[in-house]
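If you want it as structure tokens, here you go:
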């Protein structure tokens, strides 16, 4: 038998080291290890109890009052695991480690089905109050009757990696760990030519337990965060305080109130925020904390809000142009949102995104509470509020104030700047267009100069409740007609078209250009956007009137 790997000695150091700062001496930790014969410990000839017993022992050496219950059953498939998981979860606990699927592969069950079953097992655990941990299965021996090349086993590992990333679950990639070990089958596997899948020997179980220990310590020593909701009863229209109690060094806190409400705080952190619910119902409030090293903690609370929807005064405005690029193109832009309340009363501001490209599932509006005399900035508003990494569109802003309170002291602005300019480009502001200014009147944008490294986009936004068309005529610097174009607009739609995409040989024409827009009976807004990535200059030209 070969020498233990470097991970073996690392595990011993981890097990014998003093408890980490976030580890609580005597903290009770209940873990269920759920799986097949490899979880059960088949092949551990030194009677070490497989990986669960070792994991329990090493967690206790780290200062935790840990119990790891071995719920492995030899020969079980994931479908059979689903049939018994509820009775296993009934014993209670904190963490559920799921490592199963090699028997499914032996029975020629597809990777998609195995992944689906493991996801359902994890969901059952989470519904019972556990934190689920996925684990890939180890490589199969070269003489295995099924998948001796480990094509499906490797594919399953990749599928579980992606599943864990999408669901936020922890993932212990036992497949990759074992695949990286030298002399794998000679050193870390049971010497049994009749074994149809391949089971670890004692050294293999040490390696496996070591990776599970690393995974569990990352979970146990993650920053602590607690959300404290206001005491019941909670009423619609009332300003309600929510608090965060943090046990780590967070650089940012984000709040999702479940009704579209959102708030955030960057260092130095504000551990109390306020929110107003406009409709009765049951809402799940989520608090997320971000650490400088990438650590994330989360807590949730369910609140019941009672009462009638308040008859608040509203006013609508539109920010006609917001863009979010990934910085791959020199002219890619990003937009920040700035809100100001000059009034003496707090206000709710609802922000809705209407993207240029139709989405099957458009992002829901977000609501932000703006204190009296307060200001609020949201950097990279499109991904921050709506979760889209790349989009072009317009923002509809709706202000809510208490009955009788004025709305004219509320202002929204968008700041456009180059997406990849770390030094800070010369940003330009896009001002809001209030509903009182929405009209179908002819609009003129002058002073349009392009050429060289400057890209010019013409933007048209439909402010009406119906679709329609906007025609545009372009005139050169001496007033001669260059050509015309037509924009088709959906309700709330925005269209951006590059000037050089619409018209040819503009370099032969005198500048600056003037664009005249006319609509077919719909209220609209028009503007031009000039972007010079070399000069770091962004200019937004508004129309008149």
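In this note's numbering, the protein residues as written are 14 to 558. Where a beta carbon is used, it is the ideal one built from N, C-alpha and C, also for glycine.
(message) Under 8 Å, with one C-beta from each stretch per pair, do the stretch 460-472 and the stretch 529-548 reach the 3-pair mark?
(response) yes
(message) Do residue 256 and residue 312 have their beta-carbon atoms positioned less than 8 Å apart in this structure?
(response) Against the chain shown, residue 312 aligns to sequence position 299. Against the chain shown, residue 256 aligns to sequence position 243. Contact: no.
(message) Looking at residue 273: is its Cβ nearer than 8 Å to the Cβ of residue 380?
(response) Locating residue 273 in the chain shown gives position 260, counting from the first residue. Locating residue 380 in the chain shown gives position 367, counting from the first residue. Yes.
(request) Thinking residue 364 and residue 408 are a contact (beta carbons under 8 Å), I'd like their distance in whole angstroms, please. (result) Start at 1 with the first residue of the chain shown, and residue 364 comes out as number 351. Start at 1 with the first residue of the chain shown, and residue 408 comes out as number 395. 6 Å between Cβ atoms; contact.
(request) Count the C-beta pairs between the stretch 88-106 and the stretch 63-70 that are closer than 8 Å, then say yes if the count reaches three, no if not. (result) no
(message) For residue 431 and residue 548, I'd like the C-alpha separation in whole angstroms.
(response) Numbered from 1 along the chain shown, position 418 holds the residue referred to as residue 431. Numbered from 1 along the chain shown, position 535 holds the residue referred to as residue 548. One C-alpha to the other measures close to 11 Å.
(message) Cutting at 7 Å between CB atoms, please list the residues of its own chain near residue 335, excluding the five before and the five after it.
(response) Numbered from its first residue, the chain shown carries residue 335 at position 322. Once the five neighbours on either side are set aside, the close Cβ partners of residue 335 are 348, 394, 395, 406, 407, 408, 427.
(request) Starting from residue 461, follow the beta strand (DSSP E) in both directions and report where the run begins and ends. (result) Position 448 of the chain shown, counted from the first residue, corresponds to residue 461. Start and end: 456-461.
(message) Short of 6 Å in beta carbon distance, which residues of its chain neighbour residue 59, apart from the five on each side in sequence? Order them along the chain.
(response) As a first step, residue 59 is located in the chain shown; it is residue number 46 there, counting from the start. Once the five neighbours on either side are set aside, the close Cβ partners of residue 59 are 215.
(request) Answer with buried or exposed for residue 117, where buried requires no fewer than 16 other C-beta atoms within 10 angstroms of its C-beta. (result) As a working note, residue 117 is residue 104 in the chain shown. Answer is buried; the Cβ neighbour count reaches 16.
(request) Alpha carbon to alpha carbon, how far is residue 177 from residue 304? Give it in angstroms, no decimals. (result) In the chain shown, residue 304 corresponds to position 291, counting from 1. In the chain shown, residue 177 corresponds to position 164, counting from 1. Taking the straight line joining both Cα atoms gives about 20 Å.
(message) Measuring alpha carbon to alpha carbon, tell me which residue in 290, 218, 276 is nearest residue 251.
(response) What you label residue 251 is simply residue 238 of the chain shown in a count that begins at 1. Nearest option by C-alpha distance: 290.
(request) Please confirm if the stretch 140-148 is in contact with the stretch 104-112, defined as three or more CB-CB distances below 8 Å between the two stretches. (result) yes
(request) Classify residue 296 as helix, strand or coil using the three-state DSSP reduction. (result) Here residue 296 is taken as the residue at index 283 of the chain shown, counted from 1. Here residue 296 sits in strand by DSSP.
(message) Rounded to the nearest angstrom, what separates residue 488 and residue 302 at their Cα positions?
(response) For the purposes of this step, residue 488 is taken as the residue at position 475 of the chain shown. For the purposes of this step, residue 302 is taken as the residue at position 289 of the chain shown. Each residue's alpha carbon lies about 53 Å from the other.
(request) State the DSSP-derived secondary structure class of residue 116, mapped to helix, strand or coil. (result) Here residue 116 is taken as the residue at index 103 of the chain shown, counted from 1. DSSP places residue 116 in helix when its eight states are reduced to three.
(request) Can you tell me which of the three DSSP states residue 71 falls into? (result) As a position in the chain shown, residue 71 is number 58, starting the count at 1. Residue 71 falls in the helix class under three-state DSSP.
(message) Would you call the stretch 550-558 in contact with the stretch 481-495, where contact means no fewer than 3 C-beta pairs closer than 8 Å?
(response) no
(message) For residue 51, report the span of its alpha helix (DSSP H) as first-last.
(response) Counted from its first residue, the chain shown places residue 51 at position 38. Unbroken alpha helix (DSSP H) run through residue 51: 50-53.
(message) Below 8 Å, how does it come out for the stretch 200-214 and the stretch 44-64: are there three or more Cβ pairs, yes or no?
(response) yes
(message) Is the separation between the beta-carbon of residue 477 and that of residue 531 shorter than 8 Å?
(response) The sequence position of residue 477 within the chain shown is 464, counting from 1. The sequence position of residue 531 within the chain shown is 518, counting from 1. Taking 8 Å as the Cβ cut-off, residue 477 and residue 531 do not qualify as a contacting pair.
(message) On the criterion of 16 or more Cβ atoms from any shown chain inside 10 Å, does residue 149 qualify as buried, or is it exposed?
(response) Within the chain shown, residue 149 is the residue found at index 136, counting from 1. By the 10 Å Cβ count, residue 149 comes out buried.
(message) So, for residue 105: in the same chain, excluding its five sequence neighbours on each side, which residues have a beta-carbon less than 7 Å away from its beta-carbon?
(response) Along the chain shown, one-based indexing puts residue 105 at 92. Excluding positions up to five away in sequence, the list reads 43.
(message) Tell me the rounded alpha-carbon separation between residue 400 and residue 195.
(response) Taking the first residue of the chain shown as 1, we reach residue 400 at position 387. Taking the first residue of the chain shown as 1, we reach residue 195 at position 182. Going by the C-alpha atoms only, they are around 43 Å apart.
(request) Using a threshold of 8 Å, state whether the C-beta atoms of residue 166 and residue 134 are closer than that. (result) The count along the chain shown starts at 1 and reaches residue 166 at position 153. The count along the chain shown starts at 1 and reaches residue 134 at position 121. Not a contact, by the Cβ cut-off of 8 Å.
(request) Take residue 343 as the anchor and find which of 550, 85, 63, 258 has the nearest alpha-carbon. (result) By 1-based counting over the chain shown, the position of residue 343 is 330. That would be 550, whose Cα lies nearest to the Cα of residue 343.
(request) Could you tell me whether the Cβ atoms of residue 269 and residue 275 are closer together than 8 Å? (result) Within the chain shown, the letter at position 256 stands for residue 269. Within the chain shown, the letter at position 262 stands for residue 275. Yes, the pair counts as a contact, with Cβ atoms nearer than the cut-off.
(message) Taking 6 Å as the limit between beta carbons, can you name the residues of its chain near residue 278, skipping five residues before and five after?
(response) What you label residue 278 is simply residue 265 of the chain shown in a count that begins at 1. Once the five neighbours on either side are set aside, the close Cβ partners of residue 278 are 266.
(request) Less than 8 Å between the CB atoms is what I'm expecting for residue 366 and residue 359, so what's the real figure, rounded? (result) Working through the chain shown from its first residue, we reach residue 366 at position 353. Working through the chain shown from its first residue, we reach residue 359 at position 346. Not quite, the Cβ-Cβ distance comes to about 24 Å (not below 8 Å), so this is no contact.
(request) Go ahead and pull the three-state DSSP assignment for residue 163. (result) As a first step, residue 163 must be located in the chain shown, where it is residue number 150. Reduced to three states, the DSSP call for residue 163 is coil.
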